[in-house]
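Visitor: I am attaching a structure below and will ask some questions about it afterwards.
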Amino acid sequence: MAGMAVLAGPTPSSSHPVPPAGPAIHDLGGKAPFRTRRLSWHGFPVRGGGVGTTGGPGPGWYPDPSGRQPLRWFDGGRWTAHVIDVRQQPQVDPLPDHPVTPPVPPGPPPQVSVAPAPAPGQPPARVPVGSLVVRCLALGGVAVLLVLGFLVLPYAGVDGFPRDFTYAPVRYPDLGVWLAAYDTKMGGWGRAYSKGLGALIALVVWAAVVGTALLVALVPRYRSREPWWTVPVFVLAVAALFGAMVASPGNGTVALRSAAGYFTVLAAHALLVVACPLTHKRRRRPR
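Residue numbering for the sequence shown follows this note's numbering, starting at 40 and increasing by one per position.
Next up, the structure:
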């Protein structure tokens, strides 16, 4: 056949190394692979393989050892002049007389560290046990202090009529009744705080901190970065602490005195401020 004559007629070159054993390679050095079902040379398919006449790889299109073309035809024993150019068109390009080292694909640039990809099914990094234990202990301590300060211990001492400076201990749930019955000269914020707003703010702040801690500890996607909402939660905890100080039962009044419950609530707010940020140390990327 004419095709057979064309293939058998190229000028071979024995000075170039034979391709490695195995199936022929059909890519363009990192470019889009050929559609091998459409590539042929006078009836000879692109795919090679098998055993050649010298016991090496069989006929097929292999990377050009000279590096001038993407693919060159190997007839099973020698390289031929038939090549496939970058447009995937057959051409005739005889090999040079001197051997050419096959091109080596470029490696990564120097001083660039590539982080290895995690293996499939590899569990995400865990939160440090010590940090998680300290955080849980802090939140548990806050819960106990808030219950003691708002429900158990006397929140304020009230000096009723006649004013004899004998302050009767009053718990937080009963303080609103005393404020309505006596002229304590407490401001609007202090009255609102002492009538239930303080406990509500403390509950909201504590719930926000607990929710953030649980989310960071249990949801893997939040373990590698700091949640953005820790900032407003921290600000809310600081505001609650400042609001409690302004609404002190003894602030600007003559009939009220701060008691153990009030100071316990302040301690709980301060502990919340410490436990709230939930910061995560970010690793610096290698330069």
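Each residue gets a CB set at the ideal place from its N, CA and C atoms; glycine is no exception. Predicted model only: the values in this text are computed from it and were never measured.
Going by C-alpha to C-alpha distance, which of Trp100, Leu257, Arg174 sits closest to Gly115?
Guide: Locating residue 115 in the sequence shown gives position 76, counting from the first residue. Answer by Cα proximity: Trp100.
Visitor: Please list the terminal residues of the continuous alpha helix (DSSP H) segment that includes Ala231.
Guide: For the purposes of this step, residue 231 is identified with residue 192 of the sequence shown, where counting begins at 1. Unbroken alpha helix (DSSP H) run through Ala231: 227 to 231.
Visitor: Have a look at Leu257 and Gly188 and give me their C-alpha separation to the nearest angstrom.
Guide: Taking the sequence shown and counting its residues from 1, the one referred to as residue 257 is at position 218. Taking the sequence shown and counting its residues from 1, the one referred to as residue 188 is at position 149. The alpha-carbon atoms of Leu257 and Gly188 are separated by roughly 30 Å.
Visitor: What are the boundary residues of the beta strand (DSSP E) that includes Val197?
Guide: Translated into positions along the sequence shown, residue 197 becomes position 158. Counting along the chain, the beta strand (DSSP E) containing Val197 begins and ends at 193 to 197.
Visitor: Taking the alpha helix (DSSP H) that Ala294 belongs to, which residues open and close that run?
Guide: Position 255 of the sequence shown, counted from the first residue, corresponds to residue 294. From DSSP, Ala294 is part of no alpha helix (DSSP H); its letter is neither H nor E.
Visitor: Excluding the 5 residues flanking Ala276 on each side, which residues of the same chain have their C-beta closer than 6 Å to its C-beta?
Guide: The count along the sequence shown starts at 1 and reaches residue 276 at position 237. Here the set comprises Val244, Leu311, Val312, Cys315.
Visitor: What's the C-alpha gap between Val293 and Thr251?
Guide: As a working mapping, residue 293 is identified with position 254 in the sequence shown. As a working mapping, residue 251 is identified with position 212 in the sequence shown. Taking the straight line joining both Cα atoms gives about 41 Å.
Visitor: From Ala299, Ala246, Lys234, Trp118, pick the residue whose C-alpha is nearest to that of Gly196; which is it?
Guide: As a first step, residue 196 must be located in the sequence shown, where it is residue number 157. If we check each option's Cα against that of Gly196, Ala299 comes out closest.
Visitor: Would the beta-carbon of His308 fall within 9 Å of that of Ala283?
Guide: Position 269 of the sequence shown, counted from the first residue, corresponds to residue 308. Position 244 of the sequence shown, counted from the first residue, corresponds to residue 283. Yes; because the gap between Cβ atoms is below 9 Å, this pair is in contact.
Visitor: Output the boundary residues of the alpha helix (DSSP H) element that contains Val125.
Guide: Mapped onto the sequence shown, residue 125 falls at position 86. Val125 -> no alpha helix (DSSP H), and no H or E assigned at all.
Visitor: Given this structure, state the Cα-to-Cα distance separating Gly214 from Lys234, to the nearest angstrom.
Guide: Against the sequence shown, residue 214 aligns to sequence position 175. Against the sequence shown, residue 234 aligns to sequence position 195. Per the sequence presented here, residue 214 reads as Leu, with Gly not at that position. Their Cα atoms are separated by approximately 7 Å.
Visitor: According to DSSP, is Phe113 part of a helix, a strand, or is it coil?
Guide: On the sequence shown, residue 113 is found 74 positions in, with the first residue counted as 1. Three-state result, Phe113: strand.
Visitor: How would you write the range of the beta strand (DSSP E) that Tyr206 sits in, first residue to last?
Guide: Counted from its first residue, the sequence shown places residue 206 at position 167. Run containing Tyr206: none; DSSP gives neither H nor E here.
Visitor: Between Tyr221 and Gly199, is the Cβ-Cβ spacing less than 9 Å?
Guide: Here residue 221 is taken as the residue at index 182 of the sequence shown, counted from 1. Here residue 199 is taken as the residue at index 160 of the sequence shown, counted from 1. Cβ atoms of Tyr221 and Gly199: closer than 9 Å.
Visitor: Please report the distance separating the alpha-carbon of Gln108 from that of Val255.
Guide: On the sequence shown, residue 108 is found 69 positions in, with the first residue counted as 1. On the sequence shown, residue 255 is found 216 positions in, with the first residue counted as 1. One C-alpha to the other measures close to 55 Å.
Visitor: Taking just the CA atoms, how far does Gly169 sit from Cys175?
Guide: Walking along the sequence shown from the start, residue 175 turns up at place 136. Walking along the sequence shown from the start, residue 169 turns up at place 130. Cys175 and Gly169: Cα-Cα distance of roughly 10 Å.
Visitor: Around the C-beta of Phe281, are 16 or more other C-beta atoms found within 10 angstroms, so that it is buried, or is it exposed?
Guide: Working through the sequence shown from its first residue, we reach residue 281 at position 242. By the neighbour-count rule (16 or more Cβ atoms within 10 Å), Phe281 is not buried but exposed.
Visitor: Output the boundary residues of the beta strand (DSSP E) element that contains Gly99.
Guide: Here residue 99 refers to the residue found at position 60 of the sequence shown. Segment 99 to 102, the beta strand (DSSP E) holding Gly99.
Visitor: Taking all protein chains shown into account, decide if Pro193 is buried (16 or more other Cβ within 10 angstroms of its Cβ) or exposed.
Guide: Locating residue 193 in the sequence shown gives position 154, where the first residue counts as 1. Per the 10 Å Cβ criterion, buried.
Visitor: From Pro133, Arg111, Ala238, Phe273, pick the residue whose C-alpha is nearest to that of Ile123; which is it?
Guide: Taking the sequence shown and counting its residues from 1, one reaches residue 123 at position 84. When only C-alpha atoms are compared, the closest one is Arg111.
Visitor: For the ligand ZN, is there a heavy atom less than 8 Å away from the beta-carbon of Arg296?
Guide: As presented, the structure is devoid of all ligands, the ligand ZN included, so that no description of it is given.
Visitor: Can Leu190 and Pro212 be called in contact, C-beta distance under 9 Å?
Guide: Working through the sequence shown from its first residue, we reach residue 190 at position 151. Working through the sequence shown from its first residue, we reach residue 212 at position 173. Yes, Cβ-Cβ distance for Leu190 and Pro212 is below 9 Å.
Visitor: Would you identify the three-state DSSP class for Thr223, choosing helix, strand or coil?
Guide: Taking the sequence shown and counting its residues from 1, one reaches residue 223 at position 184. Coil, per DSSP.
Visitor: Just verifying my parser: in three-state terms, what is the DSSP assignment at Val255?
Guide: Start at 1 with the first residue of the sequence shown, and residue 255 comes out as number 216. Helix.
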